[in-house]
Amino acid sequence: MNHICPILDRPTPTQATSFRREQWQIVQCRETGFTFLANPPQYEQLQQEYAWEKTYESEKQRRQETEPAITLASDVAKEIKYRISPKRNRIADIAVHSIRSTESQALRMLDIGCGSGDLMVEIQKRFASIGKQIQPVGIEVSDELSRRAAQRIAPLGGKIVQTYAIEGCRDLADERFDLVIMSCFLEHESKPLQLLKTVREILTEHGIVVIKVPNFASWNRRIRGERWCGFRFPDHVNYFTPATLRRVALEAGFPPPEQSWLDRFPLNDNMYAVLRK
């Protein structure tokens, strides 16, 4: 059985995994060990049919029905974390820490898969607090979320490009960005190698990419198996580990990702990385 491996962008031998739901089957590349959805939905389906806000709500409802106790415990834990540290935002922290030393006082940020624009607003506030201006640009395929994001960032002098990620980056080919954010997005992109190559071309010389993705190598995934919270069919099409995230970064022409031990902590269902041009 062969499939096009998303991090190599060419056919490779694959093997089926035990992870599937309805017609959606997850396979693993024998060459790289990368795990991905064999039959991802078409880009057009992500605009409305499988738009993020719809799949998120349907998956949340499914988990409440199938695992009510665990879902309640997870919600309580999140609420406690928020009350203890309401300004906690790992992506924003990494972005400011990684680029704050740049001499420029005016920066440009691109948020791919920006949702309703909340993260762009938060990062803009963080940079404003250290005396730096940042102009936000977002790419979002969902009709509803792109509308919300446009309303949120218009007062900040930003704009939203409503289209697919690769097409949106190509539309911005004449522009350059100091900071590119992909928070909980790369797992949705069926062509991650092509996207990272395109992103690399629109970075400034000292630009960075900040990534957050589910960690398929987490202990929770190994323990929970098919009930792991990182599975979401059919819009989570890629399942990265630290090793496979490194592989796709290198294939795209980046140096090895910057990841502290905390960024790939095995007890965390998510992992973080910084790519530099």
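With the numbering used here as the guide, the letters of the sequence shown map in order to residues 3 to 279. Glycine is no exception: its CB is placed at the ideal position from the N, C-alpha and C atoms. Remember, predicted model here, so these are calculated numbers, not experimental data.
inquiry  = Using C-beta distances below 8 Å, list every residue in its chain close to Gln107, excluding the 5 sequence neighbours before and after it, in chain order.
reply    = Gly133, Lys134 and Gln135, listed in sequence order.
query = Is Thr14 closer than 8 Å to Gln30 when the C-beta atoms are compared?
reply = With respect to the 8 Å criterion, Gln30 and Thr14 are not classified as neighbours on the basis of their beta carbons.
Supposed close pair Leu277, Ile183 - CB separation, criterion 8 Å = The pair is not a contact, with the Cβ atoms about 12 Å apart (cut-off 8 Å).
ask   = Around the Cβ of Ser87, are there at least 16 other Cβ atoms within 10 angstroms (buried) or fewer (exposed)?
value = The pLDDT assigned to Ser87 is 49, lower than 50, so where the model puts this residue is not dependable, and the model offers no usable value.
key: Contact check, Thr16 vs Tyr241, beta carbons under 8 Å   = Not in contact: Thr16 and Tyr241 (Cβ atoms no closer than 8 Å).
ask   = Pairing CB atoms from the segment 151-160 with CB atoms from the segment 174-194, are three or more of them under 8 Å?
value = Here the segment 151-160 does not lie against the segment 174-194, with fewer than 3 beta-carbon pairs under 8 Å apart.
task = Pull up the DSSP beta-bridge partners for His5, would you.
result = His5 is bridged to Thr14.
key: Closest by C-alpha distance to Arg32, when choosing among Ile9, Arg234 and Ser144   = Of the candidates Ile9, Arg234 and Ser144, the residue whose Cα lies closest to the Cα of Arg32 is Ile9.
query = Does the Cβ-Cβ distance between Ile125 and Ala97 come in under 8 Å?
reply = Contact flag set, yes.
request  = For the segment 156-173 and the segment 183-201, state whether three or more C-beta atom pairs, one from each stretch, are separated by less than 8 Å.
outcome  = Touching, per the Cβ criterion.
key: Whole-angstrom distance between Gln261 and Ser60, CA atom to CA atom   = One C-alpha to the other measures close to 32 Å.
Host alpha helix (DSSP H) of Trp221 (start-end) = First-last of the alpha helix (DSSP H) with Trp221: Trp221 to Arg226.
ask   = Excluding sequence positions up to five away, which residues of its chain have a Cβ less than 6 Å from the Cβ of Ala251?
value = These residues qualify, in order along the chain: Pro259 and Leu277.
ask   = alpha helix (DSSP H) containing Ile296: first to last residue?
value = Since the first residue shown for the chain is 3 and the last is 279, residue 296 is missing from the structure and cannot be characterised.
query = Which stretch, first to last residue, makes up the alpha helix (DSSP H) that contains Ser103?
reply = From DSSP, Ser103 is part of no alpha helix (DSSP H); its letter is neither H nor E.
message = Are the CB atoms of Leu181 and Ile93 within a distance shorter than 8 Å?
response = No, Cβ-Cβ distance for Ile93 and Leu181 is not below 8 Å.
task = Answer yes or no: do Trp1 and Pro268 have a C-beta to C-beta separation smaller than 8 Å?
result = An answer regarding residue 1 cannot be provided, because it is not within the stretch 3 to 279 covered by the chain.
query = Are the CB atoms of Arg1 and Ala245 nearer to each other than 8 Å?
reply = Only positions 3 to 279 of the chain appear in this structure, which leaves residue 1 out of reach.
message = Buried or exposed, going by whether 16 or more other CB atoms sit within 10 Å of the CB of Gly160?
response = Burial call: buried.
task = Would you mind sorting Thr243 into buried or exposed? The rule is 16 or more other CB atoms within 10 Å of its CB.
result = With 16 or more other Cβ atoms from the protein chains shown falling within 10 Å of its own Cβ, Thr243 counts as buried.
task = For Gly35, count neighbouring Cβ atoms within 10 angstroms of its own Cβ and tell me buried if that reaches 16, exposed if not.
result = Exposed, because fewer than 16 other Cβ atoms sit within 10 Å of the Cβ of Gly35.
request  = Report the three-state DSSP secondary structure of Gln30 (helix, strand or coil).
outcome  = Gln30: strand per DSSP, three-state reduction.
task = Taking only the alpha-carbon atoms, compute the straight-line gap between His190 and Pro42 and give it to the nearest angstrom.
result = Each residue's CA atom was taken as its position, placing His190 and Pro42 some 9 Å apart.
inquiry  = Using the Cβ count rule (16 or more neighbours within 10 Å means buried), how would you classify Glu142?
reply    = Flag for Glu142 reads buried.
query = Which residues in the same chain have their Cβ closer than 7 Å to the Cβ of Arg172, if we skip the five residues on either side of it in sequence?
reply = Only Thr200 meet the Cβ criterion.
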